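Asker: One structure, as structure tokens, below. Some questions next.
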Amino acid sequence: MVMISRTTEAAPARRRERALLSRPAWLRRAEQRIGARVPLHPNTLSALKLVAVTPLLLATLAWPPAAHLEPIIVMALFAAFAGLDYLDGVVARERGLVTGFGRVFDRVTDYPLLVGVSLFCIDVLPMSLIITKLALDLLLLVLFLLGRGSTQNRLRTALSYTTLLALLTLSQGWLANVVTPTTVKGVWLINIALSGTVALHNLDLLKKLHVADILSLSNLTCGLLGIHTASQGRFVASLLLLLLGATFDGFDGIAARRWGSSRWGVYSDDVADGVNFGIAPAAAVYFAIGGLTGASIAAAFAVCTIGRLVFFTINKKNADPGYFSGVPSTVGGLITICAVILFQRDPAALGLMVGVACTLMVSFATGYRHVGRALANRPRLLHALPLVLALLAAMWRVTGVVGPVSILLLVALGYGVWPIIGTFVRAVTSE
22 MVMISRTTEA APARRRERAL LSRPAWLRRA EQRIGARVPL HPNTLSALKL VAVTPLLLAT
82 LAWPPAAHLE PIIVMALFAA FAGLDYLDGV VARERGLVTG FGRVFDRVTD YPLLVGVSLF
142 CIDVLPMSLI ITKLALDLLL LVLFLLGRGS TQNRLRTALS YTTLLALLTL SQGWLANVVT
202 PTTVKGVWLI NIALSGTVAL HNLDLLKKLH VADILSLSNL TCGLLGIHTA SQGRFVASLL
262 LLLLGATFDG FDGIAARRWG SSRWGVYSDD VADGVNFGIA PAAAVYFAIG GLTGASIAAA
322 FAVCTIGRLV FFTINKKNAD PGYFSGVPST VGGLITICAV ILFQRDPAAL GLMVGVACTL
382 MVSFATGYRH VGRALANRPR LLHALPLVLA LLAAMWRVTG VVGPVSILLL VALGYGVWPI
442 IGTFVRAVTS E
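This note's numbering applies: residue 22 is where the sequence shown begins, and numbers increase by one.
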């Protein structure tokens with residue numbers, strides 16, 4: 022779980038240029054100062070994770086202190102672990118101390134904590150998943166020693182920490198309605214899938230044009246899991262899966278533009294979008310309302326979403342790549358699932374919101390900015406993402422799920438109605 026991949030100054034410039042998100046100048050300056058002032062060797066920092074932080078964290082989980090202190094201590098130790106992980110990468114890079122041994126050692130020192138926390142969830146997390154994950158990571162380390170690939174990248178880092186945090190949350194029973202055994206298994210399977218994909222790529226068994234297809238398959242998997250969680254009434258989990266699928270969908274487009282895709286790529290992408298952004302939200306509507314009313318509203322939404330995807334596919338060659346005709350199905354699905362969470366006890370309000378989502382999706386005469394490509398052109402805007410996530414998490418802590426879901430719904434509705442308002446204002450002022 023190396024927070025910053027240890028790359029030498031001799032790394033090819035073209036690799037740095039192709040990075041999706043470069044570090045801002047202020048962060049580079051801060052890391053230079055940190056690297057110069059930290060007196061410890063990066064391998065010492067990695068060792069501190071292993072011999073100090075990991076035993077303390079596992080001991081806290083095994084012999085918990087007072088109930089009101091345990092979450093604070095656990096999260097403080099988790100932050101210390103992540104901080105040391107970050108520092109060893111910074112110090113190694115800034116002081117020219119990058120070595121093959123250091124990169125492998127840093128990676129190896131992460132596993133005791135991951136395995137230890139997993140054992141606290143052994144009743145719900147199959148041992149086969151743990152063994153598969155460790156075997157794939159061992160394979161990646163061996164391939165690195167053979168000169169194939171790296172020990173880590175930012176996406177694997179983020180997913181590794183997400184997995185560890187999910188395990189900690191599950192083991193302590195925090196956010197029990199959201200972080201369930203099924204959720205953690207899903208995150209673990211995604212982690213395994215990513216490690217397996219990287220291993221196949223490093224073994225030259227996976228062509229780059231298949232990367233987009235794998236990301237589409239990941240989006241499809243999120244949609245199928247979203248249907249499953251909706252059938253259990255866990256609509257917040259369905260929302261999180263939709264957002265995760267939207268992330269895969271965004272990377273799918275980037276991968277397809279950079280490396281191309283297979284002949285089935287466009288169809289697999291549309292099928293995945295239809296399931297995750299159409300059928301899964303429709304299933305949530307049905308299970309929230311039930312009966313003929315729920316089935317009718319759900320069917321209407323699914324038909325509008327699939328119709329919108331068909332229209333998009335047919336007109337893709339003639340469309341402006343920077344704009345959508347009508348709101349994308351991602352936004353329609355987001356509006357619908359947020360409405361399910363907020364208005365599941367009010368079928369009339371829920372039906373109204375679904376109607377709004379359907380109307381916006383089929384408003385083909387209205388152009389909507391392609392947010393993903395806009396962010397790709399201005400990647401520094403993504404630096405605000407951690408702050409936004411932290412604010413949403415803090416709001417969740419204070420208001421419960423209603424607060425952040427309401428914000429997401431307002432943002433999605435604002436995106437949907439803003440061009441319409443702009444068109445109306447221009448029409449009025451021109452007269």
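Quick reminder that beta carbons are idealized off the backbone N, C-alpha and C, glycines included.
Only a predicted model underlies this, so the values are computations on that prediction, with no experimental measurement involved.
Identify whether Ser346 lies in helix, strand or coil by the three-state DSSP scheme.
Answerer: In this structure, Ser346 counts as strand in the three-state DSSP scheme.
Asker: Measure the C-alpha to C-alpha separation of Asp144 and Val348 and round it to an integer number of angstroms.
Answerer: So the alpha carbons of these two residues sit roughly 43 Å apart.
Asker: Whole angstroms are fine: how far does the CA of Ala448 sit from the CA of Lys206?
Answerer: The alpha-carbon atoms of Lys206 and Ala448 are separated by roughly 52 Å.
Asker: Can you name the start and end residues of the beta strand (DSSP E) that Arg390 belongs to?
Answerer: Unbroken beta strand (DSSP E) run through Arg390: 388-390.
Asker: Could you pull the start and end residues of the alpha helix (DSSP H) that Leu439 belongs to?
Answerer: The question names Leu, but residue 439 in the sequence shown is Trp. Note, Trp439: alpha helix (DSSP H), 423-451.
Asker: Look at the alpha carbon of Tyr344 and the alpha carbon of Ala316, and state the distance between them as a whole number of angstroms.
Answerer: C-alpha separation (whole angstroms): 32 Å.
Asker: Rounded to the nearest angstrom, how far is the Cβ of Ala68 from that of Thr120, given a contact under 8 Å?
Answerer: Incorrect: roughly 14 Å between the Cβ atoms, too far for contact.
Asker: Thinking just about the alpha-carbon of each residue, which of Ala433, Phe298, Asn240, Leu261 is nearest to the one in Asp273?
Answerer: When each option's Cα is compared against that of Asp273, the closest is Asn240.
Asker: Tell whether a beta-carbon distance below 8 Å holds between Asn223 and Leu263.
Answerer: Cβ atoms of Asn223 and Leu263: not closer than 8 Å.
Asker: Taking DSSP as the reference, what is the three-state secondary structure of Arg54?
Answerer: Helix, per DSSP.
Asker: By a C-beta neighbour count over all protein chains shown, 10 Å radius and 16 as the cutoff for buried, is Asn212 buried or exposed?
Answerer: Buried: at least 16 other Cβ atoms inside 10 Å.
Asker: So which of Met148, Gly194, Gly123, Ala113 has the shortest CA-CA distance to Val95?
Answerer: Nearest option by C-alpha distance: Gly194.
Asker: Could you give the residue range of the alpha helix (DSSP H) that holds Asn223?
Answerer: Looking at the DSSP string, the run of the alpha helix (DSSP H) that includes Asn223 is 202-223.
Asker: Helix, strand or coil for Cys142 per DSSP?
Answerer: Reduced to three states, the DSSP call for Cys142 is coil.
Asker: Using three-state DSSP, classify Pro63 as helix, strand or coil.
Answerer: Residue state, collapsed to three classes: helix.
Asker: When DSSP labels each residue in this structure, what does Gly199 get in the three-state scheme?
Answerer: The sequence given here places Val at residue 199; Gly does not occur at that position. Three-state result, Val199: coil.
Asker: Can you tell me whether DSSP reads Gln253 as helix, strand or coil?
Answerer: In the structure shown, Gln253 sits in coil (DSSP, three-state: anything other than H, G, I, E or B).
Asker: Using a Cβ-Cβ cut-off of 7 Å (strictly less than) and excluding sequence neighbours within five positions of Thr184, which residues of its own chain qualify?
Answerer: Closer than 7 Å at Cβ, skipping near neighbours: Val208, Trp209, Asn212.
Asker: Note down the Cα distance separating Ala40 from Asp270, rounded to an integer number of angstroms.
Answerer: Annotation note: pLDDT 48 at Ala40 (below 50); position unreliable, coordinate value reported separately. Rounded to whole angstroms, Ala40 to Asp270 spans 18 Å at the Cα level.
Asker: Three Cβ pairs or more, each shorter than 8 Å: is that satisfied between the stretch 411-428 and the stretch 376-386?
Answerer: Too few Cβ pairs lie closer than 8 Å, so no.
Asker: Can you find the residues in the same chain that come closer than 6 Å, C-beta to C-beta, to Leu430, ignoring five residues on each side of it along the sequence?
Answerer: So the list reads Cys359, once near-sequence residues are dropped.
Asker: Which of the three DSSP states, helix, strand or coil, is assigned to Phe269?
Answerer: The answer is helix: DSSP assigns Phe269 an H, G or I state.
Asker: Less than 7 Å between C-beta atoms, sequence neighbours within five positions excluded: which residues of the same chain meet that for Pro85?
Answerer: Once the five neighbours on either side are set aside, the close Cβ partners of Pro85 are Glu91.
Asker: Quick one: is Ala156 buried, meaning 16 or more other Cβ sit within 10 Å of its Cβ, or exposed?
Answerer: When all chains shown are included, Ala156 counts as exposed.
Asker: Please return the same chain residues whose Cβ sits closer than 6 Å to the Cβ of Val151, not counting the five positions on each side in sequence.
Answerer: Note that residue 151 corresponds to Ile in the displayed sequence, not to Val. The answer, listed in chain order, is Ser139.
Asker: Within this structure, are the beta carbons of Val306 and Thr357 separated by less than 8 Å?
Answerer: Yes. Within cutoff.
Asker: Would you identify the three-state DSSP class for Ser171, choosing helix, strand or coil?
Answerer: Note: Ser171 maps to coil in three-state DSSP.
Asker: Can you look up Asp341 in the DSSP assignment and give me helix, strand or coil?
Answerer: Coil.
Asker: When you compare each of Asp106, Val232, Val199, Ala197 to Ala214 by their alpha carbons, which one comes out closest?
Answerer: Closest by alpha carbon: Val232.
Asker: Going by DSSP in three states, Arg366 sits in which element: helix, strand or coil?
Answerer: Residue state, collapsed to three classes: coil.
Asker: What does the Cβ neighbour count give for Lys70, buried or exposed, with the cut at 16 atoms within 10 Å?
Answerer: Its Cβ being crowded by 16 or more others within 10 Å, Lys70 is buried.
Asker: Mark Lys154 as exposed unless 16 or more other C-beta atoms lie within 10 angstroms of its C-beta, in which case mark it buried.
Answerer: By the neighbour-count rule (16 or more Cβ atoms within 10 Å), Lys154 is buried.
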